[in-house]
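Scroll down for the structure; my scribbles are underneath it.
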Amino acid sequence: MATTDGNGDARRYHVPLRMLQPEHPQYTIASMALAGLRRQRTDLCIARQNLVEFWAVATRPAAENGLGMSPLTTAGEVRVLRDLFTVLEGKSGIADAWEKLVSGHLVSGKQAHDAHLVAVMNITRGAAHSDVQRRRF
5 MATTDGNGDA
15 RRYHVPLRML
25 QPEHPQYTIA
35 SMALAGLRRQ
45 RTDLCIARQN
55 LVEFWAVATR
65 PAAENGLGMS
75 PLTTAGEVRV
85 LRDLFTVLEG
95 KSGIADAWEK
105 LVSGHLVSGK
115 QAHDAHLVAV
125 MNITRGAAHS
135 DVQRRRF
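Residue numbers (this note's numbering): 5 to 141.
What follows is the structure, given as structure tokens:
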């Protein structure tokens with residue numbers, strides 16, 4: 005889902021973002037592309053990292069090249085994306101652990117990346133409630 009034009013975060017993961025922006029010039033083409041792939045019964049996949057990037061851009065203030073969405077609204081959109089796409093995971097459970105962290109702590113913007121690292125550490129070490137998580141990274 006990455007573009008090669010180097011025009012910032014909102015363009016690197018543009019398909020899920022454009023689906024949230026009906027007024028954006030690329031909304032129609034993104035919608036049509038996904039609809040066409042679904043009609044062809046293509047297995048639509050995104051990487052766990054795409055969800056992290058999506059959360060960071062969606063919750064980042066509009067003045068900082070984000071969408072300015074609340075964490076609660078973004079959590080709902082992530083659930084929609086997880087229903088639309090197969091999430092490719094490395095180690096099982098990381099995407100769920102990350103989503104629980106960002107939703108539960110109402111994480112916004114770049115801290116979504118920190119939450120992802122905490123989820124990886126918690127799953128890798130088997131720690132359900134590490135000191136890092138309790139201190140909100």
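Built from N, CA and C at the ideal position, the CB exists for glycine as well.
- Judged by beta-carbon spacing, alanine 60 lies within the 9 Å limit of glycine 70, meaning their Cβ atoms are closer than that value.
- Between valine 124 and alanine 116, the C-beta gap is not smaller than 9 Å, which leaves the two residues out of contact.
- Straight through space, the alpha carbons of valine 111 and arginine 42 are spaced by roughly 32 Å.
- Here the alpha carbons of threonine 77 and methionine 23 stand approximately 14 Å from one another.
- With a cutoff of 9 Å on beta-carbon distance, leucine 92 and phenylalanine 58 are scored as not near each other.
- Taking 9 Å as the cut-off, the beta carbon of glutamate 103 is found no closer than this to the beta carbon of arginine 129.
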